[in-house]
Structures are given as structure tokens and as C-alpha cells.
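A.B. asks: Handing you this structure, nothing more for now.
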């Protein structure tokens, strides 16, 4: 999962006259009533949420940050999603397609969705098949640079059979027909508002900041990097299910202060992504104002090693370019040495406690696809020998390993978070004991996960040697998750820094193996291939998984209905939340 603190992001572009506080008279704005109402007097009708990693954009197809998807999911919806029991349930669809009801083709080449006919956008316009088709075109347009384009690469065509029926045809046999338009990466955009922004101007769309959605609540005010205010969507199809007159997301502070606001002081009802030391959570919980909910899903805290040299630039000014291999991470023995010097057990015991478990796998869920072939080992002696074998030794007596005039120095970046900084410190100590110079860097997560093409500190640019954050698969079918490490998914200047392969790993063997699982219909064979893909990444030390992180949130004692799922945002069922006396 990804993370953020209070900050203002430079890439938010001007939206007509609405520049700082987005609360304008536009088709997407729900006018806020300033007169005293129930929402002002009845605390149970106001939901106060703390997102210390504050949202900066409300279009999930243009952001790598979970905090943005979380905030977007309150107002935007997919065709369907997976609940906490991993059951596929309809949202904008009437029913879930199947072979039995004729929705899923027997040959695995297409799926047909029947859409609800009682849905309107929050500006009163009808939701139809055209919106689904347009969303695909938007995501698939390379000029848009959508972060979810890889998920939709399997699609050949999306067409309307009638106003409320959509047929998706795949390029080849696709057993995971539910991998598109489902869950967090499947949120539908309104064609009538985005049609003129389907290109290089996509980030200029005012609706990235004040979205029009079909969900239960609509945005009435947005201060990027600070706060979001929602009110009831007046056109929501099931108004009787909406229990809040107003929802407030407040950003800023840090994870510990967010936890305190719910667990100790009772100032908030919900706190997101509590990446806080376990002993601190235990102490705060003693106040009995709130409680912790955890769910071990698919997310892991991991280390990414840069396969390219962040210290060299192309004539065009591109750093971390595939034209310049990394001076030492290009060697597998060096990568293995760095992995052997990560003390996962100490990190777990001292920092995570019950909220994390050491892991050696890239894929952590669903369980039937999780490899049992990998192991974790902390061994500084073995790590040192591997570095020696690779030719990295201290030849000038300054305490730092070197080779061919290059010293083994790394810049290690992550987001601003006390738990992460303590994790960095443990790793740094062990790496430096091997003769590696380590410089630590902390970036505000609103910057690191902003997806701003002009910002050199984003995860896509990866202008460091090492970076660390949490993410995971967002679909029970992990095919899109494994596509992260394909050669054509490398972010670079030529594709406007779109793509999730931040390490710039490229292995034709891996790409070829992934192609075999995409068309494999046999569940047992697919499971074997997924495990092989995982093992290939781990053996090559493409990624260093550290902790299988529980999704940890804090909720007030009187908040009901919160249900965490591994396959969608925490806000996926917010229309079912309510506060009791």
C-alpha cells in the first residue's frame, strides 16, 4: 500500500478560476449548504477520516498512490468488485457474468456485462455503456499515460451491444476476464465530461480534482494535499443506504498522530494506513476510544534495486535510463549480497510486531498461488564473500568497497514515516558493515507517489539506487501484478514516465513465461506458472520483499460496516458504513 503526508503538489494544473480550493459552480460540484443542518448538529451524520497521506488527485487512472484511489473510490465505482471473502459482487453491473448465464464465452475470448439501468452520474446525466467504452479508450490511450494501462493490455475491443450491455473481446484466451473494470483499477469515468481530455491534456481535466461519479457521495470541496469534503450524491440509486450527510478526509501529520486521533482522543472516526510501531498502537489503544482492524492481504513492504544508473544522464537529461546499466546492481551476486544483509526478523520483532510477518515472496495472495520454494536468510558473512567474488573490494583503504574506480555508494530513498526511517536505519547499519556507503533520503509521499512526469522524486523516475515502499496485487488474478516487471512496462522519458517497472528489470525469459499463463485455462497449471514467475523474480533478486504487511486501520468504537478486502480500496463499501450512539 502506498502512503502520504500533508503537502502541496506542483503538478496540479490550473482549473479555470478554481486554483487552490476546488469548490466551484461546475457540473461536478455539489453545492455545500452553509446553513445549520443535521450534518452540523448530529455527529453521527458526519464521518471524519484521517488520511495522513493526503490525496492530491481524484482520478485513480492517473495516480500510483493508494491514497488517491481511496479518496476516488468514495465517488467513483467499477462494474464489480471482490468483497472481503474474495467473492465477486456487482456494483454498476446488474449481475456477475458466468458461463452459465451466457456472460462469459466458452472459448475464453470475451465477456459480456449487463449494466444497471438505474444509475446516474452525480451531475444527473445517465450512466450507459458509452461510459465504459470511453473509460477503456482513456486508459488505453498512450498519450494519457494512465497508470492502469497494463491491466487493460489484454483487451482487443470494448463495444456496446445496446445502451446497457457491454461486450469485452480479448486479444487471446483470457481466463481472468474479471481483471478489467473490476476493483480499484476498474473505476468508470464519465464520457460526457472527459471526452475532451482524452489525450496529452488528460491531467488538465477539472474533474481530476472535482470528480463526477456514480457512488453514494460526491466531492463538494477539495484542497489537494490537505482535505476532501463529500456530501450525499443527490442522484444515488439507493439513497436509503447513505448514513452520512457529510464525509471529511483530512490530511497531514503522520501515521502516529492519525492513530492517536482515533484510538486515544476520539477526534476522528477512521484512520488510514497505520504504519506505526506495534508497541505504540498497543499503548494508544488503552484509551478505549477506538480499535484496530487488521487484514493480511497481498501487500508487502519491499526494497527495489535500480538496474540503471541514476547518476548518469542522457543528452536529453534522462536519469535512470536503460542506456546506462547500474555499475554494480547489474551483477546478480551483488544483488544477492544486498538481500542477504537485510535482517527481516529484527525489523519485524522491533518494529512491526503483530502487524507484519517476514516474507520472501513477491506474490502473497491468494494462497493457492503463493510459492513455498523461496526462503529468507540473513547472513553478513555470505554477503561479504559474494561481494568479494563480484570484484568489489576496498582497494584504497577508505572503508568503502570499490571496483574500476567506482565506489560502492547507494542512495536509499523511501517516504517520510517513522517506521520506515527506523527500517532504513537497521538496513543501513548492516549494509555499511559490509563496506557499503549508504545515504538515506526521505521524500514526502505526496511527492513520491504523485505520478507527476516533471517531478524527479517520483517512484517512476527512481532517481536513486534503492527505494522502499509497500504495494501488492489488487486482483485475485495476479497476472496484472506480474506484468509490472515486463520489459515494455519500464517508465522512461519517451513514454512520459508511465509504467510500473520502476527497477527497469528486463528479462525475455520472464516475459515469455508470463505469456503462457495469460492464455492458460487450467487452474492447476496456472498456479504452477504463477509460482514460477514469483521464484524467477526472487532468484534474480529483482525485488527484495521484507515484510508481509497487514492492512491496519483505526476505527471509532461506534463505527460499523468497515470491511477490509485485499482486492479493493478500504472505502469500497462506504455506503454501508454507519455510526451508532
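Residue numbers (the working numbering): 2 to 582. Here a beta-carbon is modelled for each residue, glycine too, at the ideal position from N, C-alpha and C.
Would you grab the beta carbon distance between residue 534 and residue 514 for me? Rounded to a whole angstrom, and I think it's under 8 Å.
C.D. replies: 6 Å
A.B. asks: Can you give me the Cβ contacts of residue 480 inside the same chain, cut-off strictly under 7 Å, excluding the 5 residues immediately before and after it?
C.D. replies: 177, 180, 518 and 519
A.B. asks: According to the Cβ coordinates, are residue 502 and residue 486 closer than 8 Å?
C.D. replies: yes
A.B. asks: With a Cβ-Cβ cutoff of 8 Å, do residue 155 and residue 161 count as a contact?
C.D. replies: no
A.B. asks: By the DSSP assignment, the beta strand (DSSP E) with residue 269 in it spans what residues?
C.D. replies: Premise fails: residue 269 is in no beta strand (DSSP E) and is neither H nor E.
A.B. asks: For my contact list, residue 369 and residue 528 are in at a C-beta cut-off of 8 Å; report their separation, rounded to the angstrom.
C.D. replies: 6 Å
A.B. asks: Is DSSP giving residue 189 helix, strand or coil here?
C.D. replies: coil
A.B. asks: Round the Cβ separation of residue 193 and residue 126 to the nearest angstrom and send it over; I've been treating them as touching at under 8 Å.
C.D. replies: 6 Å
A.B. asks: Of the residues 482, 541 and 504, which one's Cα is nearest the Cα of residue 510?
C.D. replies: 541
A.B. asks: What residues are listed by DSSP as bridge partners for residue 326?
C.D. replies: Residue 326 is bridged by DSSP to 309.
A.B. asks: For the 8 Å Cβ check, are there 3 or more pairs between the region 137 to 151 and the region 109 to 128?
C.D. replies: no
A.B. asks: Do the region 549 to 556 and the region 259 to 278 meet, that is, are 3 or more Cβ pairs less than 8 Å apart?
C.D. replies: yes
A.B. asks: Go through its chain and collect everything with a Cβ distance to residue 401's Cβ below 8 Å, but skip five positions before and after it.
C.D. replies: 395, 408, 409, 410, 436, 437 and 438
A.B. asks: Where residue 283 and residue 429 are concerned, what is the direct C-alpha to C-alpha distance, given to the nearest angstrom?
C.D. replies: 27 Å
A.B. asks: So, residue 229 versus residue 446, is the Cβ gap smaller than 8 Å?
C.D. replies: no
A.B. asks: What are the boundary residues of the beta strand (DSSP E) that includes residue 219?
C.D. replies: 218 to 224
A.B. asks: Just to confirm my understanding: we take residue 268, look at its own chain, exclude 5 residues before and 5 after, and list those with CB closer than 8 Å. What are they?
C.D. replies: 49 and 262
A.B. asks: Three or more C-beta pairs closer than 8 Å, one from the region 207 to 214 and one from the region 68 to 85: is that the case here?
C.D. replies: Output reads yes: the region 68 to 85 touches the region 207 to 214.
A.B. asks: Residues in its own chain within less than 6 Å of residue 52 by CB, not counting five upstream and five downstream?
C.D. replies: Excluding residues up to 5 positions away in sequence, 68, 250, 252 and 273 lie with their Cβ nearer than 6 Å to the Cβ of residue 52 in the same chain.
A.B. asks: In the DSSP assignment, find the unbroken alpha helix (DSSP H) run with residue 168 in it and report its ends.
C.D. replies: Per DSSP, residue 168 belongs to no alpha helix (DSSP H); it is in the beta strand (DSSP E), 166 to 171.
A.B. asks: Rounded C-beta distance between residue 307 and residue 465? I'm assuming under 8 Å.
C.D. replies: 7 Å
A.B. asks: Is the beta carbon of residue 578 closer than 8 Å to that of residue 244?
C.D. replies: yes
A.B. asks: Just how far apart, CA to CA, sit residue 564 and residue 134?
C.D. replies: When only Cα atoms are considered, residue 564 and residue 134 end up about 30 Å apart.
A.B. asks: Which full runs of the alpha helix (DSSP H) of 4+ residues lie inside the region 393 to 443, going along the chain?
C.D. replies: Within the region 393 to 443, the complete alpha helix (DSSP H) runs of at least 4 residues are 419 to 433.
A.B. asks: Between which two residues does the beta strand (DSSP E) containing residue 115 stretch?
C.D. replies: 111 to 115
A.B. asks: What does a CB cutoff of less than 7 Å around residue 299 pick up in its chain, not counting 5 residues either side in sequence?
C.D. replies: 365, 366, 473, 474 and 567
A.B. asks: Among 56, 508 and 422, whose alpha-carbon lies nearest the alpha-carbon of residue 224?
C.D. replies: 56
A.B. asks: With H, G and I counted as helix, E and B as strand and the rest as coil, what does DSSP make of residue 90?
C.D. replies: The DSSP-derived three-state label of residue 90 is strand.
A.B. asks: Could you pull out every residue in the same chain whose Cβ sits closer than 7 Å to the Cβ of residue 105, ignoring the five residues on either side in sequence?
C.D. replies: 98, 99, 112 and 178
A.B. asks: Do you know offhand how far residue 459's Cα is from residue 374's?
C.D. replies: 33 Å
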